[in-house]
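Residue numbers (our numbering): 3 to 615.
Backbone N, C-alpha and C fix where the C-beta goes; we use that ideal spot for every residue, glycine too.
As the structure is a prediction and not an experimental result, all values here were calculated from the model.
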């Protein structure tokens with residue numbers, strides 16, 4: 003026996019199988035290089051002579067993505083047109099070397115049973131069909147096939163391949179979205195990867211098979227094409243696990259061979275690098291950092307990520323990208339308010355509910371509940387938990403709840419995508435309903451009864467137009483504290499300040515005043531309403547506030563025999579009693595208040611209804 007570059011040290015015949023010989027050489031074999039072993043003058047027991055033969059072999063340690071899952075058939079009802087009516091997946095060897103899969107294993111769902119491979123070698127650029135062991139004979143004619151006991155795919159799941167050292171080789175989190183074809187997702191067609199050099203791209207790199215048989219087991223995918231990943235990964239947010247442990251959420255899967263680098267992450271304010279780093283699951287999008295000491299309370303930290311962290315395609319994150327982190331305070335019941343709602347979206351689009359944090363500390367939305375209150379019975383129904391994992395809500399931040407994050411970004415300008423939270427929402431009627439936010443003990447945090455009458459009434463349609471809160475300090479249920487989002491803002495302002503926001507009402511010591519002196523109800527987000535304000539002190543009155551034109555004719559009753567105490571305001575939107583637009587010009591706000599003693603207070607202020615001629 004001879005091998006180039008080294009010398010033979012020992013030869014030992016196998017004790018159980020005499021056709022096997024164990025050779026020991028003086029030096030390690032070179033990795034990822036072809037080695038040539040020459041055998042000469044060997045006889046069997048019958049005296050048959052092997053004069054000389056040379057065999058080649060490789061010493062190669064498989065790496066992540068050397069074997070990838072590139073085709074999945076999960077639904078065979080209805081049956082494929084010309085394929086066995088059984089589930090399968092396909093593996094492809096993307097490396098330059100043969101790879102032995104002995105003792106490798108598949109998990110058909112995260113944390114599921116391990117389905118082990120027996121000895122099977124997959125050559126470079128070759129395919130392996132994997133199916134249930136009872137169906138191996140059905141697929142053998144299509145190419146190299148392995149049957150696994152217990153192989154049965156889920157309709158949606160995380161499918162993961164590990165090597166014999168429990169190292170992650172490839173994972174796919176698949177769903178019906180991978181088809182991109184409403185007809186084919188009903189069954190009888192496989193999902194195929196488009197570009198096998200981009201194995202972590204997810205649904206954007208998968209399509210329904212274009213092969214008329216229903217799939218391409220054992221051969222190049224029918225949808226094969228170039229679909230390179232040039233997108234830089236982003237750190238989206240940090241979540242709370244414990245006082246010394248943080249969860250970082252990234253926009254895409256990170257390269258599994260790089261994400262464990264502790265020096266690539268650090269927190270400011272002397273927290274330094276984590277002592278331990280590991281992925282939360284096999285998708286490698288959520289990374290857990292454990293520090294050797296607790297974070298402080300009442301402090302907001304920044305956690306940084308260096309550009310040594312990349313996605314699977316090698317795109318590096320922007321150096322020192324950062325997100326905020328804080329230990330959340332307990333929810334007491336007044337930390338946030340409903341700030342903007344969209345319940346009548348454009349056809350096929352999604353509702354949203356925006357929240358605003360009005361306190362100076364961070365809370366966690368993990369245990370917050372959103373519900374619908376039945377207006378007739380006053381009972382809560384359609385109760386949904388906002389999220390099942392930590393979502394930190396920082397002071398002065400907005401968070402938008404929606405069932406389709408992508409749709410909201412298509413329909414509206416989204417200033418801060420990381421403030422979008424995809425979740426199940428209750429079903430809210432377009433015209434009128436009640437939105438309720440609670441803690442898990444069902445203590446009410448905020449509640450809004452809304453109706454179409456709160457919109458700017460000159461709009462031809464309310465579809466796709468959100469209702470915006472005007473003031474953070476005015477009561478949520480104050481009818482005058484809501485208005486339609488302006489057209490100039492795109493009919494909605496998810497994740498940033500409302501187009502109708504105004505918490506800077508002119509202060510006055512007067513008992514009765516109007517603000518602004520000139521208003522223009524054109525829904526441009528600037529002085530769209532006239533606010534009629536009163537300050538009657540400690541007394542209690544019954545009052546009326548009427549609007550008259552310059553000729554003294556009654557135009558609108560904006561308050562009629564209402565209970566008046568302290569300070570407050572009502573608004574006029576420029577409409578008359580029949581909801582018709584009033585003419586531009588000078589108007590008069592007249593008020594009359596009387597108390598239980600019969601004392602009467604009368605007030606009168608002039609103002610201008612302006613606008614485009």
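DSSP on residue 177, reduced to helix/strand/coil?
-> Indexing the chain shown from 1 puts residue 177 at position 175. Residue 177 falls in the coil class under three-state DSSP.
Relative to the C-alpha of residue 300, which residue among 331, 323 and 326 is closest?
-> Translated into the one-based positions of the chain shown, residue 300 becomes position 298. With distances taken between Cα atoms, residue 300 lies closest to 331.
Beta strand (DSSP E) containing residue 1: first to last residue?
-> Nothing can be reported for residue 1: it is not among the residues displayed for the chain, which extend from 3 to 615.
Validate contact between the region 315 to 328 and the region 456 to 463 using beta carbons, cut 8 Å, 3 pairs = no
Kindly list the residues whose CB is nearer than 6 Å to the CB of residue 224, restricted to its own chain and excluding five residues on each side of it in sequence; keep chain order.
-> Within the chain shown, numbered from 1, the residue matching residue 224 stands at position 222. The residues are 211, 212, 213 and 218.
When burial is assigned at 16 or more other CB atoms within 10 Å of the CB, is residue 569 buried or exposed?
-> As a first step, residue 569 is located in the chain shown; it is residue number 567 there, counting from the start. It counts as exposed.
Straight-line Cα distance separating residue 342 from residue 496 = As a first step, residue 496 must be located in the chain shown, where it is residue number 494. As a first step, residue 342 must be located in the chain shown, where it is residue number 340. Spanning the two alpha carbons is a distance of roughly 8 Å.
With DSSP as the reference, label residue 521 as helix, strand or coil.
-> Locating residue 521 in the chain shown gives position 519, counting from the first residue. Residue 521: strand per DSSP, three-state reduction.
Spatial neighbours of residue 657 in its chain, beta-carbon cut-off 8 Å, leaving aside the 5 residues before and after = As shown, the chain starts at 3 and ends at 615. That puts residue 657 outside it, with no answer to give.
Give a yes or no on whether 8 Å exceeds the smallest Cβ distance from residue 111 to chain C.
-> Going by chain labels, chain C is absent from the structure shown, which holds only one protein chain.
Which first and last residues belong to the alpha helix (DSSP H) in which residue 141 is found?
-> Locating residue 141 in the chain shown gives position 139, counting from the first residue. Counting along the chain, the alpha helix (DSSP H) containing residue 141 begins and ends at 138 to 141.
CA-to-CA distance, residue 358 to residue 448, given in whole angstroms = Taking the first residue of the chain shown as 1, we reach residue 448 at position 446. Taking the first residue of the chain shown as 1, we reach residue 358 at position 356. If you take the alpha carbons of residue 448 and residue 358, they lie about 11 Å apart.
Residue 401 versus residue 416 - alpha carbon distance = Working through the chain shown from its first residue, we reach residue 401 at position 399. Working through the chain shown from its first residue, we reach residue 416 at position 414. Between residue 401 and residue 416, the C-alpha separation is close to 11 Å.
What is the rounded straight-line gap between the Cα of residue 56 and the Cα of residue 37?
-> Within the chain shown, numbered from 1, the residue matching residue 56 stands at position 54. Within the chain shown, numbered from 1, the residue matching residue 37 stands at position 35. In a straight line, the C-alpha of residue 56 is about 10 Å away from that of residue 37.
Between residue 601 and residue 574, what straight-line distance do the alpha-carbon atoms span, to the nearest angstrom?
-> Along the chain shown, read from residue 1 onward, the residue named residue 601 stands at position 599. Along the chain shown, read from residue 1 onward, the residue named residue 574 stands at position 572. Distance between the alpha carbons of residue 601 and residue 574 is about 27 Å.
Candidates 370, 254, 246 and 238: closest to residue 232 by CA position = Taking the chain shown and counting its residues from 1, one reaches residue 232 at position 230. Of the candidates 370, 254, 246 and 238, the one whose C-alpha sits nearest the C-alpha of residue 232 is 254.
Please list the segments of the beta strand (DSSP E) lying wholly inside the region 428 to 476, counting only runs of 3 or more residues, in order along the chain.
-> 434 to 440, 446 to 453 and 469 to 471
Tell me whether residue 227 is buried or exposed, calling it buried when 16 or more other Cβ atoms sit within 10 Å of its Cβ.
-> Numbered from 1 along the chain shown, position 225 holds the residue referred to as residue 227. Exposed, since its Cβ has fewer than 16 Cβ neighbours within 10 Å.
DSSP state of residue 144 mapped onto helix, strand, coil | Position 142 of the chain shown, counting from 1, holds the residue named residue 144. Of the three classes helix, strand and coil, the one that applies to residue 144 here is helix, per DSSP.
So what does DSSP say about residue 645, is it helix, strand or coil?
-> Nothing can be reported for residue 645, as the shown portion of the chain is limited to 3 through 615.
From 335, 286 and 302, pick the residue whose C-alpha is nearest to that of residue 311; which is it?
-> Reading the chain shown from its first residue, position 309 is the one you call residue 311. Of the listed residues, the one whose Cα sits closest to residue 311 is 286.
With residue 409 as the anchor, note down where its alpha helix (DSSP H) starts and where it stops.
-> As a working mapping, residue 409 is identified with position 407 in the chain shown. Unbroken alpha helix (DSSP H) run through residue 409: 407 to 413.
If you draw a straight line from the C-alpha of residue 246 to the C-alpha of residue 235, how long is it?
-> To locate residue 246, count along the chain shown from 1; it is residue 244. To locate residue 235, count along the chain shown from 1; it is residue 233. Going by the C-alpha atoms only, they are around 25 Å apart.
Just tell me which of 423, 529, 428 and 112 has its CA closest to the CA of residue 356.
-> Taking the chain shown and counting its residues from 1, one reaches residue 356 at position 354. For the residues 423, 529, 428 and 112, the minimum Cα distance to residue 356 belongs to 423.
Where the beta strand (DSSP E) containing residue 210 begins and where it ends | What you label residue 210 is simply residue 208 of the chain shown in a count that begins at 1. Residues 208 to 210.
Given that a residue counts as buried once 16 or more other Cβ atoms are within 10 Å of its Cβ, and exposed if not, what is residue 328?
-> Mapped onto the chain shown, residue 328 falls at position 326. It is buried - the Cβ of residue 328 has at least 16 other Cβ atoms within 10 Å.
Straight-line Cα distance separating residue 592 from residue 530 = As a position in the chain shown, residue 530 is number 528, starting the count at 1. As a position in the chain shown, residue 592 is number 590, starting the count at 1. Spanning the two alpha carbons is a distance of roughly 20 Å.
Where residue 216 sits in the DSSP three-state scheme = Here the question's residue 216 lines up with position 214 in the chain shown. In this structure, residue 216 counts as coil in the three-state DSSP scheme.
Buried versus exposed, by CB contacts within 10 Å (16 or more), residue 190 | Numbered from its first residue, the chain shown carries residue 190 at position 188. Counting Cβ neighbours within 10 Å, residue 190 comes out buried, since at least 16 surround it.
Excluding the 5 residues preceding and the 5 following residue 335 in the sequence, name in chain order all residues of the same chain whose CB lies nearer than 6 Å to its CB.
-> Here the question's residue 335 lines up with position 333 in the chain shown. Closer than 6 Å at Cβ, skipping near neighbours: 445 and 447.
Best match in 283, 264, 284 and 282 for proximity to residue 276 [C-alpha to C-alpha] | Here the question's residue 276 lines up with position 274 in the chain shown. Residue 264 is the option with its Cα nearest to residue 276.
Cβ atoms of residue 240 and residue 375: under 8 Å apart, would you say?
-> For the purposes of this step, residue 375 is taken as residue 373 along the chain shown, with counting starting at 1. For the purposes of this step, residue 240 is taken as residue 238 along the chain shown, with counting starting at 1. The answer is no: Cβ separation not under 8 Å.
What three-state label does DSSP hand residue 482 in the structure shown?
-> Translated into positions along the chain shown, residue 482 becomes position 480. Helix, per DSSP.
For residue 427 versus residue 386, is the C-beta spacing smaller than 8 Å?
-> Here residue 427 is taken as the residue at index 425 of the chain shown, counted from 1. Here residue 386 is taken as the residue at index 384 of the chain shown, counted from 1. Yes, the pair counts as a contact, with Cβ atoms nearer than the cut-off.
Considering only residues of the same chain and omitting the five flanking positions on each side of residue 370, which have a CB-CB separation below 6 Å?
-> Taking the first residue of the chain shown as position 1, residue 370 is located at position 368. These residues qualify, in order along the chain: 388.
Which residue comes first and which comes last in the beta strand (DSSP E) that contains residue 41?
-> Indexing the chain shown from 1 puts residue 41 at position 39. Where residue 41 is concerned, the enclosing beta strand (DSSP E) stretches over 36 to 45.
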